[in-house]
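> Numbering (the UniProt record's numbering), first residue to last: 1 to 165.
Every residue gets a Cβ at the ideal spot worked out from N, C-alpha and C, and that includes glycine.
Here the structure is a predicted model, which means the values were calculated and not measured.
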Ligand code: PNS
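Laid out in structure tokens, this is it:
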């Protein structure tokens with residue numbers, strides 16, 4: 001039986017840190033479903049479609065990786081996809097409490113689902129989508145932190161924002 005994992009997140013925008021987790025998860029599972037959360041309550045810079053497009057571009061040619069979206073409870077989506085695990089990246093101790101709470105709550109909601117944590121590779125341990133947005137918003141160089149397709153999206157988004165000021 002094929003082992004499927006869901007890698008959920010906001011991915012606003014996806015970074016090299018996310019890509020690293022996707023690649024490494026793909027070595028552990030037959031299929032990795034990268035799932036963008038549709039959350040109208042959370043203000044994101046990019047629409048779900050834009051984030052899915054970016055994820056599709058940066059994972060182009062990677063076998064066994066699928067880009068998708070989900071609404072509502074993660075455990076329901078994981079069950080619907082017949083996945084056995086949720087994958088999350090862990091950067092630092094600061095991530096731990098939130099991730100532990102989510103993993104435990106998800107296990108409470110469905111005992112069949114395990115959360116697998118991948119320790120972020122060292123070069124990405126300080127990287128986050130929020131920091132990338134801040135740097136890009138002030139015109140800084142983010143080429144070390146995000147793939148070229150995402151860098152282009154950021155430049156476009158902030159250029160449009162400036163022209164509206
Ligand atoms: O990239 P993020 O914002 O850290 O991802 C958080 C995410 C999407 C994994 C989490 O918010 C989530 O699973 N939301 C779906 C709703 C849900 O299932 N909530 C209960 C989790 S304990």
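1) Using 10 angstroms around the beta-carbon of residue 86, count the other beta-carbons present and answer buried if the total reaches 16, otherwise exposed.
2) Quick one: measure Cβ to Cβ for residue 149 and residue 57, integer angstroms, because I've assumed they're closer than 8 Å.
3) For the ligand PNS, any of its heavy atoms closer than 8 Å to the Cβ of residue 72?
4) If we ignore side chains and look at the alpha-carbon of each, how far apart do residue 198 and residue 46 end up?
5) How far does the beta strand (DSSP E) with residue 67 in it reach, from first residue to last?
6) Where do the N-terminal and C-terminal ends of the beta strand (DSSP E) with residue 126 fall, by residue?
7) Comparing the CB of residue 9 with every heavy atom of the ligand PNS, is any distance shorter than 8 Å?
8) If the criterion is Cβ atoms closer than 9 Å, does the pair residue 37 and residue 71 meet it?
9) Which of the three DSSP states, helix, strand or coil, is assigned to residue 38?
10) Taking all protein chains shown into account, do 16 or more other C-beta atoms lie within 10 angstroms of the C-beta of residue 185, making it buried, or fewer, making it exposed?
11) When you measure from the CB of residue 232 to every non-hydrogen atom of the ligand PNS, does any distance come out below 8 Å?
12) Would the beta-carbon of residue 105 be found less than 8 Å away from any heavy atom of the ligand PNS?
13) Residue 100: beta carbon under 8 Å from a heavy atom of the ligand PNS?
14) With 16 as the cutoff for other CB atoms within 10 Å, does residue 106 come out buried or exposed?
For this structure:
1) A residue is called buried when at least 16 other Cβ atoms come within 10 angstroms of its Cβ; residue 86 meets this threshold and is buried.
2) 4 Å between Cβ atoms; contact.
3) Within the cutoff, so yes.
4) No answer is possible for residue 198: the residues shown for the chain start at 1 and end at 165.
5) Taken as a continuous stretch (DSSP letters only), the beta strand (DSSP E) holding residue 67 covers 65-70.
6) Unbroken run through residue 126: none, as it is neither H nor E.
7) With a cut-off of 8 Å, the C-beta of residue 9 is classified as near the ligand PNS, since at least one heavy atom of the ligand falls inside that distance.
8) The answer is yes: Cβ separation under 9 Å.
9) Coil at residue 38, not helix or strand.
10) This structure does not reach residue 185, given that the chain is present from 1 up to 165, and the question cannot be answered.
11) Outside the shown range of the chain (1 to 165) lies residue 232, about which nothing can therefore be said.
12) Yes, since a heavy atom of the ligand PNS falls inside the 8 Å radius drawn around the Cβ of residue 105.
13) No, the Cβ of residue 100 stays beyond 8 Å of every heavy atom of the ligand PNS.
14) By the neighbour-count rule (16 or more Cβ atoms within 10 Å), residue 106 is buried.
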